[in-house]
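Residue numbers (this note's numbering), protein chains in the order written: chain L, 11 to 297; chain D, 1067 to 1312. Using N, Cα and C, we set each Cβ at its ideal position, and we do this for glycine too. Source: prediction; values computed, not measured. Accompanying notes for the structure given below.
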Amino acid sequence: MDWMNAIIQGILLGGLYAMIAAGLSLIFGVMRLVNIAHGDLIILAAYLALTASMLLGLHPLLVLLLVVPMMALFGYVLQRGILNGTLTGDILPPLLVTFGLSVIIQNALLEAYSADPQKLDSGVLDTASMTMGGISIGILPLLMFAVAVAVIAGLQFIFYRTALGRAFRAVSDNQDIAQLMGLNRRHVFGLAMALSLAVVAVAGIFLGMRTSFDPSVGGGRLIFGFEAVIIGGLGNLWGTLVGGVILGVAQSIGGQINPGWQVLAGHVVFLLILAIKPRGLFPRMTD
Amino acid sequence: MTAILELQNLSKSFGAVVIADDTTLVVEQGEALGIIGPNGAGKTSMFNLITGTLAPNSGTIRFMGDDVTGSSAAQRCRMGMARSFQVPQPFGGLTVFENALVAATQGAGMSGQAASDHCLDILERTELLDKANTVAGSLTLLDRKRLELTRALCAKPKLLLLDEIAGGLTEAECVSLVDTIRDIHKSGITIVWIEHVVHALLAIVDRLAVVDFGKLIASGEPKAIMASREVQEIYLGIEMDEVGHG
């Protein structure tokens, strides 16, 4: 029963990883930009939510309505103001600039909030649970997973059913031709980053409600995000969800065997999958 | 008649390679202009300068009276300029219909049902309707060329730039493509067409311009131009058969 429990907790945790990974995957897919600051942006969103919920006395879930548009706007401005200038076709400039951004965000958070671990107070949700077949399932992890599925479904819909999604795919396919078709790629990239950071905001708030966080933990989230994307296969959103779940389950089972093996188990499974299927389980991108 | 496109003293070079040498060219509204010249003469580069993918070193480009020399490629597309590519460049991961929709929604600013209807109408005219849901990357050469034309038309252009759209097609394919282009021209769209398949070109155009070494060396009535000494010299031994047909 302990094992069953570990697997279920792992699946639910996978939802969070999938949300972290989805934003990362979106940016890479549309503009081939590897956002090293992604994890720190998640922590930034968590701190924004912390501040907002303390100042306004609101539940973290309500604060979502505020933090999501704020992060989206920040994403658009960041892309148009800084990151667009790094997209010269060379992979190195965006890596260096987002790495710098990561350092800046970490230190700014450290300055503003100190290194003390913080947690978003989700009230009764913290402990609420339901019992199914002898296994106790927390309402918060369940909600987190449901939101993750909704976010992935939403992104999937935007990508394949809307004009914005077509713009994303057209620009990703061939930037020069997209320009000739009347698409302003700088604006499209701005919108992609806005969407990515909107997802980051959701992920950040759930992360903050689930575990404690401090300014330095962003890097670890980035690694989990990368692993989920790569396990699932680049460019496949549902694959990313599966990747997140596999990573979550691996960590959870590792932790069940020995509490110290939690993170290690995730990395080992990631390496195994990378060795057996270098393009991930469900690759979509051909290049 | 009023000018839709005016190139004034346009120059562009990459180091010693001159691709446009003080080119001045006026295209009238509703005209069909053919451009010929040997490979590497700067014909495609001229299109790149007109559509904004290349910036000139000097000179100005006016489109419908407005100076667009500093405008981006996307802005020029939305103003009513569209082109096809010599080597077809579809959005390979999108379906034919989605390729068309990108042009209709982004280039022509349409949305919803109107955009879909417009695309379906164009796809029917370019005979791609039955392949609307095919992924563009899997199309044959003729269909890719048709898709180039479709996508350009879906952006509702006032000026259509065609780059060797008949090249590489069989005779029968070429004939049906020429028919399609004739219909497009009759609907009032101004056409500038670069082509090596001269007989296809002569079936449509009202005027012919000759480009060599980035220079516009002659322009005028197609038959007269084809018979001129410059053209005979340039094409001597290269495509005399085609010149003969013309």
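Residue i at chain L interface by Cβ criterion, 7 Å
i	result
residue 1164 of chain D	yes
residue 1168 of chain D	yes
residue 1140 of chain D	yes
Residue i Cβ short of 6 Å to the ligand SAM heavy atom set
i	result
residue 66 of chain L	For the structure depicted, the ligand SAM is absent and the ligand set is empty, with no information on it obtainable.
Under 7 Å from the C-beta of residue i: neighbouring residues of chain L
i	result
residue 1159 of chain D	179 and 183
residue 1173 of chain D	191 and 192
residue 1155 of chain D	184 and 187
residue 1149 of chain D	190
Beta bridge counterpart(s) of residue i as assigned by DSSP
i	result
residue 1259 of chain D	D:1100 and D:1228
residue 1112 of chain D	DSSP output for residue 1112 of chain D lists no bridge partner at all.
residue 50 of chain L	Residue 50 of chain L pairs with nothing; no bridge assigned.
residue 1161 of chain D	D:1201
residue 1119 of chain D	Note: residue 1119 of chain D sits in no beta bridge, so no partner.
residue 1080 of chain D	D:1083
residue 25 of chain L	Partner(s): none; residue 25 of chain L has no beta bridge.
residue 1273 of chain D	D:1099
residue 1094 of chain D	D:1069
residue 1089 of chain D	D:1076
residue 1285 of chain D	D:1275
Under 8 Å from the C-beta of residue i: neighbouring residues of chain L
i	result
residue 1217 of chain D	191
residue 1117 of chain D	190
residue 1143 of chain D	189, 190, 191 and 192
Cβ of residue i within 7 Å of any chain D Cβ
i	result
residue 176 of chain L	yes
residue 173 of chain L	yes
residue 196 of chain L	no
Chain L contact residues for residue i, given Cβ-Cβ distances below 9 Å
i	result
residue 1177 of chain D	173
residue 1221 of chain D	190, 191 and 192
DSSP three-state assignment for residue i, whether helix, strand or coil
i	result
residue 113 of chain L	helix
residue 1150 of chain D	coil
residue 279 of chain L	helix
residue 1075 of chain D	strand
residue 1128 of chain D	strand
residue 1249 of chain D	helix
residue 1069 of chain D	strand
residue 297 of chain L	Only weak support is given to the placement of residue 297 of chain L: the predicted model assigns it a pLDDT of 44, under 50, and the value that follows is read from those uncertain coordinates. Residue 297 of chain L: coil per DSSP, three-state reduction.
residue 121 of chain L	helix
residue 35 of chain L	helix
residue 1137 of chain D	coil
residue 289 of chain L	coil
residue 1179 of chain D	helix
residue 1222 of chain D	coil
residue 1310 of chain D	At residue 1310 of chain D the pLDDT is 46, less than 50, meaning the model places this residue with poor confidence and gives no usable figure here.
residue 128 of chain L	strand
residue 42 of chain L	coil
residue 1294 of chain D	coil
residue 64 of chain L	helix
residue 1145 of chain D	helix
residue 14 of chain L	helix
residue 1236 of chain D	coil
residue 1050 of chain D	As displayed, chain D neither begins before 1067 nor continues past 1312, which places residue 1050 of chain D out of reach and without an answer.
residue 1174 of chain D	coil
residue 1156 of chain D	coil
residue 1184 of chain D	helix
residue 1194 of chain D	coil
residue 69 of chain L	coil
residue 1280 of chain D	coil
Chain B within 7 Å of residue i, Cβ atoms only
i	result
residue 150 of chain L	This model lacks chain B altogether, as its protein chains are L and D.
Minimum length 4: unbroken alpha helix (DSSP H) runs contained in the segment 162-202 of chain L: Secondary structure within the segment 162-202 of chain L: the alpha helix (DSSP H) runs of 4 or more consecutive residues, fully enclosed, are 173-183 and 185-190 (chain order).
Sequence ranges, alpha helix (DSSP H) only - wholly within the segment 201-253 of chain L, length at least 4: 228-242
Whole runs of the alpha helix (DSSP H) within the segment 81-110 of chain L, excluding any shorter than 4 residues: none
Beta strand (DSSP E) segments (min. 3 residues) lying fully within the segment 135-160 of chain L: 139-142 and 145-148
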